[in-house]
């Protein structure tokens, strides 16, 4: 069953769409309703949301910004935009961000339900049993198999990025133009040989799964990213991403956060569709094609961090390259560094938890670590995910204010970081099991 989040600053619209979904017969567990972007962010952090349906203009945060944040939190989330604006720019931005549909108000009930139905039907299509593997790959993955010459040239060039002959051949024969000037690399280790050894797949299935994984990479990245994906070994896929000057210098979006989002989305989708637990390594971003060999080395070193963190699957090299002065750090040194990261994050949250719009990415930026790795460490060391810790601080302070002051509900909600007293009351009741007014009594 699926959870859906409806976001619109007009309660009447939310009520109508909720009624449509409730009477649709679709496999829906819960429909959450938010009347602002900040409220929606709380649901995205606290609930397992499968589908986000949002308007463009939602008060404090526009729908485009909300979609960006939603993808950072849950890169695999599905999205539909419902808007009164037929502006091409909004529609284009929405589709580029991965929206499956852009519906214009007033909403046609049948069209809305068809759109939701189509999104839900395409979710969670996992690979069937091994005896059906070949037919399933052929049915769902129709990309042409990469030419061996193309794969060989790309691997040769990454190993020797000053080889202009390989670069010219890639441009002439395969229409691959690497002009950068900014580059990053991602490596995906599929661990196919382990599955063969454990008799979970046959040796012949390795080729099919390798092919299907590359297909998923291209499906996810081709619309938005200037990238080249290729086989780098029998069970690995490498992705070279490049930015031109103008795109890279756009500071409205953090590029490391974007790479983190890509890595988590790739890992999630390969696992969901192919039932493969893969490990993703992400390099830093460097300017100059001559550094491709170094970037390739970085992303492979990032993948190797899975040996120290076997319960984590997406690694950014920048989280580890400066972690310890020693070339061969002890477990105690690594543990001390990780504890320090989490302690600094807690200190920042303790000082800023009442700030409206506080995000994981802000806390990670202050710690000079990726959001993905901070989230992993915080949960591993404290037993709480980072936003659960924020909620706990907000709820404890709000309860204290209720019991020790005469402040009104809207004043307390404002003091602990909520713009809406109604939303504050929902969170409070979910946390304590009773409403603020019942606590006061």
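In the numbering used here, the protein residues as written are 5 to 445.
Even for Gly, the Cβ is constructed at its ideal location relative to N, Cα and C.
| Item | Value |
| --- | --- |
| Looking at the ligand SAM, does it come within less than 7 angstroms of residue 22, judged from the CB to the closest heavy atom? | Questions concerning the ligand SAM fall outside what the structure shown contains, since it holds no ligand whatsoever. |
| Taking the DSSP output, what are the residues bridged to residue 27? | Bridge partners of residue 27: none, in fact. |
| Which residue's Cα is closest to the Cα of residue 236: 204, 155 and 269? | 155 |
| Short of 6 angstroms in beta carbon distance, which residues of its chain neighbour residue 329, apart from the five on each side in sequence? Order them along the chain. | Confidence in residue 329 is poor, its pLDDT being 47 and thus under 50, which makes the residue's placement unreliable; the coordinate value appears in the next sentence. If we look at residue 329 and ignore the five residues flanking it on each side, it has no Cβ neighbours. |
| How big is the Cα-Cα spacing for residue 31 and residue 118? | 14 angstroms |
| Within the continuous alpha helix (DSSP H) that includes residue 73, where are the two ends? | 67 to 77 |
| When you compare only the Cα positions, how much space is there between residue 347 and residue 397? | 15 angstroms |
| Looking only at its own chain, which residues have a Cβ that is under 8 angstroms from the Cβ of residue 6, when we skip the five neighbours before and after it? | 30, 31, 32, 33, 54, 55, 124 and 127 |
| Along the chain, where does the beta strand (DSSP E) containing residue 103 start, and where does it finish? | That residue, residue 103, is in no beta strand (DSSP E); it is neither H nor E in DSSP. |
| Distance, Cα to Cα, residue 403 vs residue 443? | 8 angstroms |
| Whole angstroms are fine: how far does the CA of residue 385 sit from the CA of residue 343? | 7 angstroms |
| What is the DSSP secondary structure of residue 204, reduced to helix, strand or coil? | coil |
| Shortest alpha-carbon distance to residue 221 belongs to which of 302, 95 and 268? | 268 |
| So, residue 4 versus residue 194, is the Cβ gap smaller than 8 angstroms? | Since the first residue of the chain shown is 5 and the last is 445, residue 4 is not available in this structure. |
| Note down, in chain order, each residue of its chain lying with its Cβ closer than 6 angstroms to the Cβ of residue 178, except the 5 sequence neighbours on either side. | 154 |
| Using CA atoms only, rank isn't needed, just tell me which of 13, 96 and 251 is closest to residue 65. | 13 |
| Please work out which residues of its chain come closer than 7 angstroms, Cβ to Cβ, to residue 303, disregarding the five sequence neighbours upstream and downstream, and give them in chain order. | 189, 190, 191, 285, 286, 287 and 321 |
| Which residue marks the beginning of the alpha helix (DSSP H) containing residue 386, and which one marks its end? | 375 to 386 |
| Which value, in whole angstroms, describes the spacing of the CA atoms of residue 93 and residue 319? | 34 angstroms |
| Take residue 199 as the anchor and find which of 28, 279 and 111 has the nearest alpha-carbon. | 279 |
| By how many angstroms is the C-alpha of residue 161 removed from the C-alpha of residue 167? | 6 angstroms |
| So, with DSSP's three-state summary, where would you put residue 414? | helix |
| Let me make sure I understand the geometry here. Which of 390, 382, 259 and 336 has the alpha-carbon closest to that of residue 72? | 259 |
| Under 6 angstroms Cβ to Cβ from residue 225, same chain only, skipping five residues before and after it: list those, please. | 231 |
| Based on the DSSP secondary-structure assignment, which residues constitute the bridge partners of residue 231? | 245 |
| Would residue 273 pass as a contact of residue 375 if the rule is Cβ separation under 8 angstroms? | no |
| Would you say residue 98 and residue 86 are within 8 angstroms of each other, going by their C-beta atoms? | no |
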